[in-house]
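Some notes on the structure that comes next.
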Amino acid sequence: MDALERLISEFAKLPGIGRKTAQRLTFFLLKEDGERASSLAEAILALKERIRYCSVCFNITEEDPCPICRDPRRDHSTICVVEESGDLMVIERLGVYKGVYHVLGGVLSPLDGVGPEDLHIRELLERLKEGVREVILATNPTVEGEATALYLSRLIRPLGIRVSQIARGIPMGGDIELADEITLTRAFEGRREVEG
Amino acid sequence: MGDVFLEALELVRFRNYSRAKFHFGPEGATIVGRNGSGKSNLLESISFLALGKSIRGAPDSEVAMDGGDGFGIYAKFGGEDEFRISVVYSRGRGKRMNVDDHPLRRISELLGKFQVVSFSPEEVHLLLRSPAGRRRLLDMLLSQVGGYVWYWQRYRRALLHRNRLLSEGKVSRRELKPWDLQIVKFGSEIVRRRKEFVCWMEEKVKTFYEVLSGGEDLAVLYSPSFPADGDILERFVESLGESTEQERRLGCTVVGPHRDDLSVRIGGRDLRMASQGQAKSFLLAWKLGEALFFYERSGRRPALLMDEVFSDLDSERSKALAGFLIGKGQCFVTAISEGEVPGPIRNLRVIEVGDGRCVP
Ligand SMILES: Nc1ncnc2c1ncn2[C@@H]1O[C@H](COP(=O)(O)OP(=O)(O)OP(=O)(O)O)[C@@H](O)[C@H]1O
Ligand SMILES: [Mg+2]
Ligand SMILES: [Zn+2]
């Protein structure tokens, strides 16, 4: 495969990029001076070299543990459980939450072959041994997100830890990433004990 | 609230109509024409105005005239409320709908503007001869009422996950539990609504059927997969608990609304034993019940789209049916020829179709 075709097909593998866009990007880079191409290539390599998962909360980070996990001003007795790092970023932007996080890395989904052992659940249970008082479940209000929250609350509650859930305020069919900030802030303030 | 009626309709490259215009009165019309002339297609196009899609369940691409790039349905409504609805589909850009000149973002925004109750002969087999068909009969109307579809989608998804776990064999109770809770939560709401709906329909359908059949007895009964009395959610939880053994053996969920049925007995015998005409009469009685349901909820009578309703019915039944159809909102019936329809229906304006056009 020649260099041109190789780059086009690499671009086309990215989410949201079709073949046409991939071609446009490739020809754009071709016309630019070498500077642009090498800085793009470097940025991509740096991403893979420097960014890793926090060994405590599984957030993506450049330093391990991540800045949130290392921050002594944050309340380490409250853990907010989210599906992905993207969800964590949305909540962080609100600036209302002062506790720490745990990123599951997905949701329970038997149809996709994802079971409890495929998520960072064991690691979460380990963390709970260290003086955690409250766990806030902030999975998305999808069928899978709800099932995951129910599964976790049934594991955690017997340990004598308070389990609450947000996302009740997010409209039907909503998604944390799409929820506007006011709704989400309200969801945080109005979090409730999980039923079931 | 008064009725609205379809006053003018224009079809562009819709099925066999390359371009056709129709005008209707508030009472409706008898549509006549040879086999294959486009009578059923015309009724189908009217269903798009109520549901945003084909009532026969045909995909939009199939409805577009062969070799064409898409279709357009343009309608003007009159009566109590005057408005226009258009449904335009193109193979490249998909489907767009407008009420007056206001574009709709989703089909649900169209629901309730103009309502239809339809009948077609193929439904007799489709909806009555299997439990799955009878569940569809239950859901057809409920799906047009707030939130029902949302519950169904969630129920189905949770059910699929749960069935996958069960089919894999040795799964722990702990892993199954969150899915149990989900199907029970969404499923019991579906059961509750179905139960309420059949309860409402029961007497009405019975009365319609008695008149249609000249006195035959009809009994309609919701038969859920578990005893749904008292606290439905509790009952669901209980029977799910009781079916653990069976689930393990069969590898799937054996109770829940996906296993519901509608029990229909005509003259004391199960629907399976019913004759063609009896089954058809029952379905018609049910549809008349649906029309009444819409009327009581919204104060508006739905348009009736009655395809080939009189074939298979003896003259007594035809006459009784005509009595129900006439003078109750706009009614569209189809026939091969005008002579085929019973007395009272002959007062409807006759519209002849042929070669994909309205024959003047
Ligand atoms: N997408 C399409 N493009 C062109 N023609 C179509 C398309 N879909 C269906 N037709 C044709 O439309 C014709 C009319 O069908 P329709 O079912 O409306 O007839 P009908 O008048 O109801 O006949 P019958 O009395 O037999 O029920 C059929 O001959 C069919 O081949
Ligand atoms: Mg027909
Ligand atoms: Zn961390």
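In order, the protein sequence lines correspond to chains C and U.
The working numbering puts the first residue of the first sequence at 6, with every later residue one more than the last.
The working numbering puts the first residue of the second sequence at 29, with every later residue one more than the last.
A virtual CB, placed ideally from N, CA and C, is assigned to each residue, including glycine.
Since the structure is predicted, the reported quantities are computational estimates derived from the model, not experimental observations.
State the DSSP-derived secondary structure class of residue 263 of chain C, mapped to helix, strand or coil. A query on residue 263 of chain C cannot be resolved here, the shown segment of chain C reaching from 6 to 201 and no further.
Would you report the Cα separation of residue 385 of chain U and residue 13 of chain C, rounded to the nearest angstrom? Distance between the alpha carbons of residue 385 of chain U and residue 13 of chain C: 51 Å.
Around the C-beta of residue 62 of chain C, are 16 or more other C-beta atoms found within 10 angstroms, so that it is buried, or is it exposed? Classification for residue 62 of chain C: buried.
Straight-line Cα distance separating residue 248 of chain U from residue 176 of chain C: Because residue 176 of chain C carries a pLDDT of 46, less than 50, the predicted location of this residue cannot be relied on, and no value is offered for it.
Quick one: which chain U residues come within Cβ less than 9 Å of residue 112 of chain C? None at all; the shortest Cβ gap to chain U is about 11 Å.
Tell me, which residues are paired with residue 406 of chain U by DSSP? Residue 406 of chain U cannot be examined here, being either before or after the span of chain U that is shown, 29 to 388.
Residues in its own chain within less than 8 Å of residue 244 of chain U by CB, not counting five upstream and five downstream? Excluding positions up to five away in sequence, the list reads 237, 238, 294, 295 and 306.
Excluding the five sequence neighbours on either side, which residues of its own chain have a C-beta within less than 6 Å of the C-beta of residue 302 of chain U, listed in chain order? If we look at residue 302 of chain U and ignore the five residues flanking it on each side, its Cβ neighbours are 294.
Using a Cβ cut-off of 7 Å, pull out every chain C residue sitting near residue 207 of chain U, in sequence order please. Per Cβ cutoff of 7 Å: 152.
Should the stretch 327-337 of chain U be regarded as contacting the stretch 353-371 of chain U, the criterion being three or more beta carbon pairs within less than 8 Å? Counting C-beta pairs with one atom in each stretch, the stretch 327-337 of chain U and the stretch 353-371 of chain U have three or more that are closer than 8 Å, which means they touch.
Can we count residue 340 of chain U as close to ligand 1, meaning its CB is less than 8 Å from some heavy atom? It does not: the Cβ of residue 340 of chain U is nowhere closer than 8 Å to a heavy atom of ligand 1.
Backbone secondary structure at residue 81 of chain U - three-state DSSP: Reduced to three states, the DSSP call for residue 81 of chain U is coil.
Residue 42 of chain U: buried (16+ other C-beta within 10 angstroms of its C-beta) or exposed? It counts as buried.
Per-residue DSSP class, three states only, for residue 386 of chain U: In the structure shown, residue 386 of chain U sits in a strand (DSSP, three-state: E or B).
Going along the stretch 341-363 of chain U in order, which residues come within less than 7 Å of chain C, judged by CB to CB distance? Residues of the stretch 341-363 of chain U with a C-beta less than 7 Å from any C-beta of chain C: none at all.
Chain U contact for residue 156 of chain C (CB, 9 Å cutoff): At least one CB of chain U lies nearer than 9 Å to the CB of residue 156 of chain C.
Return the chain-ordered list of same chain residues with a C-beta closer than 8 Å to the C-beta of residue 124 of chain C, the five sequence neighbours on each side being excluded. Excluding residues within five positions, the ones whose Cβ falls inside 8 Å are 109, 110, 111, 112, 113 and 153.
Using the rule of at least 16 other Cβ atoms within 10 Å of the residue's Cβ for burial, across every protein chain shown, is residue 387 of chain U buried or exposed? Using a 10 angstroms sphere on the CB of residue 387 of chain U, the tally of other CB atoms stays under 16, which defines it as exposed.
By how many angstroms is the C-alpha of residue 308 of chain U removed from the C-alpha of residue 147 of chain U? Each residue's alpha carbon lies about 10 Å from the other.
Check the Cβ of residue 159 of chain C against every Cβ in chain U and list those closer than 8 Å, keeping chain order. Going along chain U in sequence order, the residues near residue 159 of chain C (Cβ under 8 Å) are 202, 205 and 206.
To the nearest whole angstrom, what separates the beta carbons of residue 233 of chain U and residue 348 of chain U, a pair I think is in contact under 8 Å? Between residue 348 of chain U and residue 233 of chain U the Cβ distance is about 14 Å, and since that is not below 8 Å, they are no contact.
Between residue 77 of chain C and chain U, is the shortest Cβ-Cβ distance under 9 Å, so that the two count as touching? Chain U, which has no Cβ nearer than 9 Å to the Cβ of residue 77 of chain C, makes this no.
Specify the secondary structure class of residue 152 of chain U as computed by DSSP and reduced to three states. Assigned with DSSP and collapsed to three states, residue 152 of chain U falls in helix.
Three-state secondary structure (DSSP) at residue 380 of chain U? Residue 380 of chain U: strand per DSSP, three-state reduction.
Whose C-beta lies closer than 6 Å to the C-beta of residue 149 of chain U among residues of the same chain, with five residues either side of it excluded? Once the five neighbours on either side are set aside, the close Cβ partners of residue 149 of chain U are 336.
Contacts around residue 80 of chain U, its chain only, beta-carbon distance under 7 Å, and the 5 residues preceding and following it disregarded: Within the same chain, 115, 125, 135 and 138 come within 7 Å of residue 80 of chain U by CB-CB distance, once the 5 residues on both sides are set aside.
Out of curiosity, what's the CA-to-CA distance linking residue 122 of chain C and residue 133 of chain U? Note on geometry: alpha-carbon atoms of residue 122 of chain C and residue 133 of chain U lie some 41 Å from one another.
Residue 361 of chain U vs residue 106 of chain U beta-carbon contact at 9 Å: Contact: no.
What are the boundary residues of the alpha helix (DSSP H) that residue 114 of chain C is part of? In the DSSP assignment, residue 114 of chain C falls outside any alpha helix (DSSP H) and carries neither an H nor an E.
Distance cutoff 9 Å, beta carbons only. Does residue 88 of chain C sit that close to anything in chain U? Answer no: the Cβ-Cβ gap between residue 88 of chain C and chain U never drops below 9 Å.
For residue 104 of chain C, which residues in the same chain have their Cβ closer than 7 Å to its Cβ, ignoring the five residues on either side in sequence? 79, 80, 83, 84 and 85, listed in sequence order.
Closer than 9 Å, CB to CB, is residue 172 of chain U near chain C or not? With 9 Å as the cut-off, residue 172 of chain U does not count as an interface residue toward chain C.
May I ask you to report which of helix, strand or coil DSSP gives residue 178 of chain C? For residue 178 of chain C, the predicted model reports a pLDDT of 42, less than 50, meaning its position is unreliable and no value from the coordinates is stated.
Report whether the distance from the Cβ of residue 40 of chain U to the nearest heavy atom of ligand 5 is below 8 Å. Because ligand 5 does not appear in the structure shown, any question about it cannot be addressed here, the ligands present being ligand 1, ligand 2 and ligand 3.
Can you list the residues of chain C that residue 182 of chain U reaches, using a CB-CB cut of under 8 Å? For residue 182 of chain U, the residues of chain C that pass the 8 Å Cβ criterion are 148, in the order they occur in the chain.
Which of the residues in the stretch 29-63 of chain C, read from start to end, lie with their CB under 9 Å from any CB of chain U? Residues of the stretch 29-63 of chain C with a C-beta less than 9 Å from any C-beta of chain U: none at all.
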